[in-house]
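In this note's numbering, the protein residues as written are 394 to 770. In this text, a Cβ means the ideal position worked out from N, Cα and C, and glycines have one as well. Since the structure is predicted, the reported quantities are computational estimates derived from the model, not experimental observations. The next block holds one structure in the form of structure tokens; read it before the comments.
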């Protein structure tokens, strides 16, 4: 009897062990599973390359989208277990609906996350850059150039111009890499309605303006467009309005967007919010387009809580590189505004950004002039 009991106990122990191993395997795979389709590799790979089934999408034809492959950046495991550096394309869509069928890329930022020497650098891409966009020529009578923000629109399911499983973010990522040689590992896109809800879910944000922002016009004199110099506690709708005001030009608008993003980061890392991040992530699951996994989000939240404010840097290409210009757009059958700029020069800045060598000096919000880098306060 004793031997039988020992045998039964041994069998039960073995079964329990197998179940625990199986549950751990399931947990780890779900933990590391991207919340959305991964990015397709944007440049032609060597003939010896073998797809990693966990990281790639083999059904996508890997054609030479880029002018050349971005210079390879080796990855190192750093703080919070993050692979460093990590590059994330962050997109703010102007769509107000709950889905992502349409919408232009109203905000375009490339984020470089350094987990080894904790630092986050956020680079703005002007949406009115005239660029080559993959996949669209067959749908636009041979036209393969459009404004950068159009790439996101054409990539999303409403137009169906691409078979990229990552949709709008995927086509926008490949477009930026094609034209500027960027490194992009992941994406996160949020539409206006979701952004408002995120700000409201954390109880609003506090934004300090060094100068008055007045977005009122002769056609719209509503005071909701007026933000006086000083500190404001903004709800979701107010934060979105401030981020979209462009009466003083797109570069000033980008500065205001950066201030809103800084304020949101500060709120998310405050003691009363940080413990609720897992539930916040769960509540917005499906409302955000992203290839990040729960593991990535956990790593980013962990790093964010450890970052010094001076190591969160917002930057843009030097404003003097850009000239106002207009070009004929056959899609709209009219001349449209674009930025005239030497793409080769921007690619040189990207090489330095990829390597973490630009920008190398930052200033405070109070000292900031247009086009200069600043850090979160």
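- By the CB criterion at 8 Å, residue 593 and residue 481 fall outside the cutoff.
- Relative to residue 560, the option among 433, 724 and 730 whose CA is nearest is 433.
- Counting only the Cα atoms, residue 602 lies some 32 Å from residue 729.
- With contacts defined by Cβ atoms closer than 8 Å, residue 666 and residue 595 form a contacting pair.
- Residue 735 is classed as exposed because its beta carbon has fewer than 16 other beta carbons within 10 Å across all chains shown.
- Approximately 5 Å separates the beta-carbon atoms of residue 546 and residue 497; this is inside 8 Å, confirming the contact.
- In this structure residue 562 touches residue 580 by the C-beta definition: roughly 4 Å separates them, less than 8 Å.
- Under the three-state reduction of DSSP, residue 495 is assigned to coil, being neither helix nor strand.
- Runs of beta strand (DSSP E) with 3 or more residues, each lying fully within the stretch 691-742, are found at 705-709, 716-722 and 727-733, listed in chain order.
- In the structure shown, residue 505 falls within a strand segment according to DSSP collapsed to helix, strand and coil.
- For the set 646, 567 and 657, the Cα lying nearest the Cα of residue 626 is the one of 657.
- DSSP assignment within the stretch 600-686 yields the following whole alpha helix (DSSP H) runs of 4 residues or more, N-terminal first: 629-637, 643-661, 664-667 and 670-676.
- The criterion of a C-beta distance shorter than 8 Å is satisfied by residue 513 and residue 700.
- Excluding its 5 nearest sequence neighbours in each direction, residue 715 has C-beta neighbours in its own chain below 6 Å: 732 and 734, listed in chain order.
- Residue 540 and residue 489 have their C-alpha atoms some 21 Å from each other.
- Between the beta-carbon of residue 597 and that of residue 628 there is about 5 Å, and that keeps the pair under the 8 Å contact cut.
- Residue 709 is positioned such that its CB atom lies closer than 8 Å to that of residue 647.
- For residue 540, the enclosing beta strand (DSSP E) starts and ends at 538-540.
- Pairing residue 531 with residue 707, the inter-Cα distance amounts to about 37 Å.
- For residue 486, there is no enclosing alpha helix (DSSP H); the residue is found in the beta strand (DSSP E) stretching over 479-486.
- When secondary structure is reduced to three states using DSSP, residue 476 falls in the strand class.
- The C-beta distance from residue 682 to residue 429 rounds to 6 Å, short enough to fall under 8 Å.
- Residue 568 sits in a helix when the DSSP states are folded into three classes.
- Around the beta-carbon of residue 738, fewer than 16 other beta-carbon atoms lie within 10 Å, marking it exposed.
- Around the beta carbon of residue 499, 16 or more other beta carbons sit within 10 angstroms, so the residue counts as buried.
- Between residue 634 and residue 617 a beta carbon distance of about 6 Å is seen, short of the 8 Å cut, so the two are scored as contacting.
- Within its own chain, the residues whose Cβ lies closer than 7 Å to the Cβ of residue 474, once the five positions on either side in sequence are excluded, are 692, listed in chain order.
- For residue 512, there is no enclosing alpha helix (DSSP H); the residue is part of the beta strand (DSSP E) that begins and ends at 512-517.
- Under DSSP, residue 584 takes part in a beta bridge, and its partners are 486.
- For residue 751, there is no enclosing beta strand (DSSP E), as DSSP marks it with neither H nor E.
- If you draw a straight line from the Cα of residue 487 to the Cα of residue 751, it comes to about 29 Å.
- The beta carbon of residue 551 is closer than 7 Å to those of 494 and 495 in its chain, skipping five residues each way along the sequence.
- Excluding sequence positions up to five before and after residue 742, its CB lies within less than 7 Å of the CB of 710 and 751, all in the same chain and listed in chain order.
- Note on geometry: alpha-carbon atoms of residue 726 and residue 611 lie some 28 Å from one another.
- According to DSSP, residue 591 shares a beta bridge with no other residue.
- A check of alpha carbon separations from residue 661 across 639, 698, 631 and 645 identifies 698 as the nearest.
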